[in-house]
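Visitor: Heads up: the sequence shown is residues 89 to 633, going by our numbering.
Mind looking over this structure? Questions follow.
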Amino acid sequence: MSKITLNNLAEAFCHSSRTYSNKSFLNNDLGITITYSEAEERSLAISEQLRNIGIGKNDKVAIIAENSPFWPIAYFAIMLSDATAVPILPEFSASDIAALLQHSEAKAIFVSNKQLLKLDTASTLPIFEISDNGIIPLKNQQKSVNRRHSENVTLSDIASIIYTSGTTGTPKGVMLTHDNFLQNVEGCYAVQDVNSTDVFLSILPLAHAYEFTIGFLLPMISGSTIHYLSKPPAVTNLLPALISIRPTTMLTVPLIMEKIFKNSIKPKLTSNKVSSAIYGTAIGRKLLHYLAGIELKKKFGGRIRFFGIGGAKLDLETERFLNEAKFPYSIGYGMTEASPLLAGSPPRETKLYSTGLPVKNLELQIINPDPKTGIGEIWARGRSVMAGYFKQPELTDNIITKDGWLKTGDLGKQNKKGYLYICGRLRNIILGANGENIYPEDIEALLNRHTLVEESLVYEFKGKLIASVHLNYEQIEKQYNEFKQVAQNLQREYEDKKNEILKELQIYVNSRVNRSSQLTVVMDNGNPFEKTPTLKIKRYLYTTV
Numbered sequence: 089m090s091k092i093t094l095n096n097l098a099e100a101f102c103h104s105s106r107t108y109s110n111k112s113f114l115n116n117d118l119g120i121t122i123t124y125s126e127a128e129e130r131s132l133a134i135s136e137q138l139r140n141i142g143i144g145k146n147d148k149v150a151i152i153a154e155n156s157p158f159w160p161i162a163y164f165a166i167m168l169s170d171a172t173a174v175p176i177l178p179e180f181s182a183s184d185i186a187a188l189l190q191h192s193e194a195k196a197i198f199v200s201n202k203q204l205l206k207l208d209t210a211s212t213l214p215i216f217e218i219s220d221n222g223i224i225p226l227k228n229q230q231k232s233v234n235r236r237h238s239e240n241v242t243l244s245d246i247a248s249i250i251y252t253s254g255t256t257g258t259p260k261g262v263m264l265t266h267d268n269f270l271q272n273v274e275g276c277y278a279v280q281d282v283n284s285t286d287v288f289l290s291i292l293p294l295a296h297a298y299e300f301t302i303g304f305l306l307p308m309i310s311g312s313t314i315h316y317l318s319k320p321p322a323v324t325n326l327l328p329a330l331i332s333i334r335p336t337t338m339l340t341v342p343l344i345m346e347k348i349f350k351n352s353i354k355p356k357l358t359s360n361k362v363s364s365a366i367y368g369t370a371i372g373r374k375l376l377h378y379l380a381g382i383e384l385k386k387k388f389g390g391r392i393r394f395f396g397i398g399g400a401k402l403d404l405e406t407e408r409f410l411n412e413a414k415f416p417y418s419i420g421y422g423m424t425e426a427s428p429l430l431a432g433s434p435p436r437e438t439k440l441y442s443t444g445l446p447v448k449n450l451e452l453q454i455i456n457p458d459p460k461t462g463i464g465e466i467w468a469r470g471r472s473v474m475a476g477y478f479k480q481p482e483l484t485d486n487i488i489t490k491d492g493w494l495k496t497g498d499l500g501k502q503n504k505k506g507y508l509y510i511c512g513r514l515r516n517i518i519l520g521a522n523g524e525n526i527y528p529e530d531i532e533a534l535l536n537r538h539t540l541v542e543e544s545l546v547y548e549f550k551g552k553l554i555a556s557v558h559l560n561y562e563q564i565e566k567q568y569n570e571f572k573q574v575a576q577n578l579q580r581e582y583e584d585k586k587n588e589i590l591k592e593l594q595i596y597v598n599s600r601v602n603r604s605s606q607l608t609v610v611m612d613n614g615n616p617f618e619k620t621p622t623l624k625i626k627r628y629l630y631t632t633v
């Protein structure tokens, strides 16, 4: 990170725009290419329009849009007008968006044409439309009234209010300062030495702190190039983009790589008796994983040097593959309230099943560790910890101690070298009949390793341990040739076959866990679980009775 003193994000943006003036900055697959200097010019022009309608320091301006080269331009137009940005995830419903606009006290909105229908037609807020070609004022614009004069924005001022998507069902407005973000970016450099030669492929929502800080601010300050996709990052869209863009860096959530491994790589490695026998030995598995890793790097364009994974726990079998394949992956740990990165390590220093070391400028400690396991709640303290929840001081006091420690609500342990291992969520712990702690995420990880399971959720109901699973029907049809035919015939036969599989899964888990963690029931959820934008299951929808 540049040693130049920066007082806010707008200064960081302008410094990069002038340092890397003619270098490619923001791009997409529709042919849009914007240099650093062009980005500054566009943001300045829009910020002037914001000032003309009275937007200034401490005013809130929302962004409701999918990723595109114009999302960052909208963001920095807000920064250059000295206001506070309120990024809202496009996945939020119309009613959620209305509630968040009201709660945040937004005075203007940047919105993509895909999201326009979600806005209340009676709204009088000034609207700027983000199209495929740029940003244009849409309606309710006024002429130079209440023009605000520029005010000094300091490191302690709020840059963004980010509403968490929430696995608990209650979005909270996380207030992140300019200093929070800049400190976290500095911490990221210890995890990866990003520079102006790097090419980022951005596929996660910019309205989420994970992608915003690490996938946007970090490369922007470093002079890197960023590419956005105009289509969802499904495998059919992603693979051609990887070949054409040839990224050096990208961030993902676990589900993307888990699907690639379980549905494409592993089936090929075990496609016949010979390869399956080889794969069944430790030496054979490592060799096949290494060879598969060579091919995977080619599919990623041949120059990937950092593949960041975060947002949820990665399946252990998938991580073992990445490790043995020598794929340059790194698993990070963080939360929006910490801007977001709390721990991570460079690919060359990644430890299997660990989320790495605490990032620079942050302290981590394990509170009330279990004497047997060393597992306790993770607390964090440092300059990247949020200023608090917007208009919710009681919630803020519940999560940040008087001496500045952030209670993450996550459970973990550290080894002697300080490497952090995540063990689940404090609120998800189930107390067994014998008083032992049961960590449902560990059982879910075991279930998800089974070839017939796509995803799972484990919870307690009336003293019984229940697993709800979404079956991998593609794999089921491959293993049971008659399954598809049965499904098309008698419903009863179909149910019998499915119940056989569910019973098999129960036996599979119970033979591998201790007595207190054994499942009483395994049931089919039918459809995929509803998830947050970072693809974590919304547990409250399925475990609240």
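Even glycine gets a Cβ: it sits at the ideal position worked out from N, Cα and C.
(1) According to the Cβ coordinates, are Thr424 and His296 closer than 9 Å?
(2) Out of Leu289, Ser352, Gly470, point me to the one whose CA is closest to Glu383's CA.
(3) Roughly how far, in whole angstroms, is the beta-carbon of Glu451 from the beta-carbon of Arg469, given that I think they are within contact range, below 8 Å?
(4) Write down every uninterrupted run of the beta strand (DSSP E) in the segment 161-239 whose length is 3 residues or greater and which is fully enclosed by it, in chain order.
(5) Since Glu160 contacts Phe304 with CB under 8 Å, what's their CB separation in whole angstroms?
(6) Hey, how far is the Cα of Ser219 from the Cα of Leu445?
(7) Give me the DSSP bridge partner(s) of Gly614.
(8) Nearest-angstrom Cα distance between Val557 and Ile466?
(9) Assuming Pro59 and Tyr421 form a contact by the criterion Cβ under 8 Å, report the distance between their Cβ atoms to the nearest whole angstrom.
(10) Give the straight-line distance between the Cα atoms of Glu562 and Tyr596, rounded to the nearest whole angstrom.
(11) Beta carbon of Asn516, beta carbon of Asp458: below 9 Å?
(12) I'd like the span of the beta strand (DSSP E) that includes Val149, first residue to last.
(13) Taking only the alpha-carbon atoms, compute the straight-line gap between Lys350 and Thr212 and give it to the nearest angstrom.
(14) Would you call the CB atoms of Ser200 and Ile250 closer than 9 Å?
(15) Can you list, in chain order, the residues of its chain whose CB lies under 7 Å from that of Ser104, leaving out five sequence neighbours each side?
(16) Using only the alpha-carbon positions, how far apart do Lys401 and Arg408 sit?
(17) What's the gap between the Cα of His538 and the Cα of Lys195?
(18) Between Asn35 and the rest of its own chain, which residues show a CB-CB distance below 8 Å, the 5 nearest in sequence each way excluded?
(19) Report the three-state DSSP secondary structure of Ser131 (helix, strand or coil).
(20) Quick check: what's the CA-CA separation for Ile302 versus Ser433?
(21) Got a sec? Which residues, its chain only, sit under 8 Å from Glu412 by beta carbon, not counting five neighbours each side?
(22) Distance, Cα to Cα, Ala127 vs Cys511?
(23) Once the 5 residues before and after Leu635 are set aside, which same chain residues still bring their CB inside 8 Å of it?
(24) Can you name, in chain order, every residue of its own chain whose Cβ lies under 8 Å from the Cβ of Leu97, other than the five neighbours on each side?
(25) Can you tell me the Cα-Cα spacing of Val546 and Ile487, whole angstroms?
(26) Could you check if Leu629 is buried or exposed, using at least 16 other CB atoms within 10 Å of its CB as the buried criterion?
(27) If you measure between the beta carbons of Val341 and Leu623, is that distance less than 9 Å?
(28) Nearest to Thr496 by alpha carbon, out of Leu514, Leu540, Asn503?
(29) Leu519: buried (16+ other C-beta within 10 angstroms of its C-beta) or exposed?
(30) Can you tell me the Cα-Cα spacing of Phe288 and Ile314, whole angstroms?
(31) For Pro446, which of helix, strand or coil comes out of DSSP?
(32) Run through the segment 511-554 for me and flag every whole alpha helix (DSSP H) of 4 or more residues, listed as ranges in chain order.
(33) Name the residue from Lys145, Ile625, Ile141 whose alpha carbon lies nearest to the alpha carbon of Gly399.
(34) Thinking C-alpha only, which one of Ala365, Asn560, Ser544, Glu618 is nearest Val609?
(35) Could you have a look at Tyr298 and say whether DSSP puts it in helix, strand or coil?
(36) By how many angstroms is the C-alpha of Ile344 removed from the C-alpha of Gly614?
Guide: This is what the structure gives:
(1) yes
(2) Ser352
(3) 5 Å
(4) 172-176, 194-200, 215-218, 223-227
(5) Looking at the sequence itself, residue 160 is Pro, so the reference to Glu does not match. Contact holds; Cβ gap of about 6 Å.
(6) 41 Å
(7) Paired residues: none, contrary to the question.
(8) 29 Å
(9) Any property of residue 59 remains undetermined from this structure, which presents the chain solely from 89 to 633.
(10) 20 Å
(11) no
(12) 148-152
(13) 49 Å
(14) no
(15) Tyr124, Met308, Ile309, Gly311
(16) 13 Å
(17) 50 Å
(18) Summary: the structure shown does not reach residue 35, with the chain confined to residues 89 through 633, and so no result is reported for it.
(19) helix
(20) 14 Å
(21) Arg373, Lys374, His377, Tyr378, Gly381
(22) 42 Å
(23) This structure gives no information on residue 635, because the portion of the chain shown stretches from 89 to 633.
(24) Phe164, Met167, Ala247, His266, Phe269, Leu270, Leu305
(25) 26 Å
(26) exposed
(27) yes
(28) Leu514
(29) exposed
(30) 5 Å
(31) strand
(32) 528-537
(33) Ile625
(34) Ser544
(35) helix
(36) 21 Å
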